[in-house]
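Written below as structure tokens is the structure these notes are about.
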Amino acid sequence: MRKAFICPTKYVQGEDEILNLGYFVKIFGDSALLIAHPDDVKRVEKKLKATADKFDVTFIECGFTGECSRQEAERLQNLAKEKGCSCTIGLGGGKAIDTAKCVAKGDALIIVPTIAATDAPTSHSAVLYTPDGAFDDYAYFKQSPSVVMIDTTVIAAAPTRFLVSGMGDALSTYFEARATAASYSKVNAGLPCGVREGKCPPARGTNAALALARLCYETLLADGMKAKIANDCKQVTPALENIIEANILLSGLGFESAGLAGAHAIHDGLTILEGAHGFFHGEKVAFGTLIQLVLENAPTEEIEEVLEFCSSIGLPICLADIGVNEITEEELLQVGEKACIPEESIHAMPFDVTPSMVASAIKVADALGRMYKERGTIA
């Protein structure tokens, strides 16, 4: 059996870590193209100046438009070449990070998240959009970022909702990895080898990746609530540090090298519901995790454990929690149909899933969530 595991060359996390950014730039040369939203640059500008002065490096700001499009990536590649940049830095949220991946194409790439809302920073993939914000395609690169740098002080200063959303994204990691392992499905870690072109067989997940996915879930249960309170207080604590690592590193390695399954596909289906549009990726993934557990007929104790965790930190456990107060049978089926398109990860479940099965699981998960809110239990 062919297996694959992929990860960044270096992951570093600590308070005021951006002060060491110049050291990592210096590994590649003297200048870096800095891809970041102006607001994110402003949040850390004193640290950027300090590290630039200390290590004698230059950050080339690029006027990032805010959208990860083919056109923007091409513009920034040309700018990096014109300015003779030695490496690329993606600083900020998902769009800046993905744009940096597209510009660097797997070489000399430093990722500096300013929020811990998703597990994208460690991955070798990016989501492309059109210039007006519509989904375009997924892009995969030959390797993961060279450096992923997490300044926990910056993360602690960000709104708590981002951290909680990241926990929602991370929540699915173990359950999707478990399903993928049971079905022997392929994982994203194998994609750079030409799988799309049929040049080599797909790869399955490793035992190491599954263990990291399990640790991710255990860390959320142990430290999630404490980390949320620390973030509310804008303080870095051991619990917050552990959850930042779970949200970004453990979940990132878990999803790429152990696999995605039902929860993320169901998230994609839920995006067609207008009421859900104002909710973050991880918030919808959390509810998608509950729906996947219903699909699997997971033990009552496990479902209740997930409900308790989500409730404790404010993640959605029913449709109303993602802005959907009413839904028709037709809409439920549409969500199921989108979740079950041929290219979706729901086909990594260890049994065949149909749109009607998804629709039914949504209704039951919603009922379970409402019951838990009313009674504090489903047993």
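Heads up, the sequence shown is in the working numbering, so the first residue is 50 and it goes up one at a time. No residue lacks a Cβ here, since even glycine has one placed at the ideal position from N, Cα and C. Since this is a predicted model, take the numbers as computed values, not measurements.
**Asked** Less than 7 Å separating the beta-carbons of residue 221 and residue 320?
**Response** Here residue 221 refers to the residue found at position 172 when the sequence shown is read from its first residue. Here residue 320 refers to the residue found at position 271 when the sequence shown is read from its first residue. It is not a contact, given that the beta carbons lie outside the stated cut-off.
**Prompt:** Are the beta-carbon atoms belonging to residue 300 and residue 238 less than 7 Å from one another?
**Reply:** Position 251 of the sequence shown, counted from the first residue, corresponds to residue 300. Position 189 of the sequence shown, counted from the first residue, corresponds to residue 238. No. Outside cutoff.
**Request:** Reducing DSSP to helix, strand and coil, say where residue 263 ends up.
**Result:** In the sequence shown, residue 263 corresponds to position 214, counting from 1. In this structure, residue 263 counts as helix in the three-state DSSP scheme.
**Message:** In the DSSP assignment, the beta strand (DSSP E) including residue 184 goes from what residue to what residue?
**Reply:** Reading the sequence shown from its first residue, position 135 is the one you call residue 184. Taken as a continuous stretch (DSSP letters only), the beta strand (DSSP E) holding residue 184 covers 184-189.
**Item:** Minimum C-alpha distance to residue 310 - residue among 423, 230 and 367
**Value:** Residue 310 sits at position 261 when you count from the first residue of the sequence shown. It is 230 whose Cα lies nearest to the Cα of residue 310.
**Asked** Just curious, the beta strand (DSSP E) that residue 365 is in, first and last residue?
**Response** Your numbering for residue 365 matches position 316 in the sequence shown. Careful: residue 365 lies outside any beta strand (DSSP E) and carries neither H nor E.
**Asked** Under the three-state reduction of DSSP, which class applies to residue 51: helix, strand or coil?
**Response** Sequence index remark: in the sequence shown, residue 51 carries index 2 (1-based). In the structure shown, residue 51 sits in coil (DSSP, three-state: anything other than H, G, I, E or B).
**Message:** Restricting to Cα atoms, I'd like to know which of 100, 140 and 192 is closest to residue 54.
**Reply:** Along the sequence shown, read from residue 1 onward, the residue named residue 54 stands at position 5. Residue 54 has its Cα closest to that of 192, out of 100, 140 and 192.
**Message:** Using a Cβ distance threshold of 8 Å, determine whether the region 321-335 contacts the region 79-89, with at least three qualifying pairs required.
**Reply:** Counting Cβ pairs under 8 Å, fewer than three are found: no touch.
**Message:** Output needed for residue 134: all residues of its chain with C-beta closer than 7 Å, excluding positions within five of it in sequence on either side, in chain order.
**Reply:** Here residue 134 corresponds to residue number 85 of the sequence shown, with the count starting at 1. Answer for residue 134: 80, 81, 82 and 109, listed in chain order.
**Request:** Indicate whether the contact test is met: 3 or more Cβ pairs, each with one atom in the region 204-219 and one in the region 181-191, closer than 8 Å.
**Result:** With a cut-off of 8 Å, the region 181-191 and the region 204-219 do not count as touching, because too few Cβ pairs lie within range.
**Beta-carbon spacing of residue 171, residue 57 below 7 Å** = By 1-based counting over the sequence shown, the position of residue 171 is 122. By 1-based counting over the sequence shown, the position of residue 57 is 8. Yes, the Cβ-Cβ distance between residue 171 and residue 57 is below 7 Å.
**Message:** Cutting at 6 Å between CB atoms, please list the residues of its own chain near residue 378, excluding the five before and the five after it.
**Reply:** The residue given as residue 378 occupies position 329 in the sequence shown. Excluding residues within five positions, none has a Cβ falling inside 6 Å.
**Request:** Determine the direct distance from the alpha carbon of residue 259 to that of residue 273, and round the result to whole angstroms.
**Result:** By one-based count along the sequence shown, residue 273 stands at place 224. By one-based count along the sequence shown, residue 259 stands at place 210. If I take the Cα positions, the gap works out to 20 Å.
**Message:** Does the contact criterion of 3 or more C-beta pairs under 8 Å hold for the region 412-419 versus the region 365-373?
**Reply:** Contact holds: three or more Cβ-Cβ distances are below 8 Å.
**Asked** Is it right to say residue 375 is buried, meaning 16 or more other beta carbons lie within 10 angstroms of its own, or is it exposed?
**Response** Within the sequence shown, the letter at position 326 stands for residue 375. The residue is exposed, with fewer than 16 neighbouring Cβ atoms inside 10 Å.
**Request:** Just mark residue 50 as buried or exposed, buried being the case when its beta carbon has 16 or more other beta carbons within 10 Å.
**Result:** Walking along the sequence shown from the start, residue 50 turns up at place 1. Per the 10 Å Cβ criterion, exposed.
**Message:** On the DSSP bridge list, what partners appear for residue 174?
**Reply:** Counted from its first residue, the sequence shown places residue 174 at position 125. When beta bridges are read from the DSSP output, residue 174 appears opposite 189.
**Request:** Classify residue 424 as buried or exposed, calling it buried when 16 or more other Cβ atoms lie within 10 Å of its own Cβ.
**Result:** Residue 424 sits at position 375 when you count from the first residue of the sequence shown. Around the C-beta of residue 424, fewer than 16 other C-beta atoms lie within 10 Å, and the residue is accordingly described as exposed.
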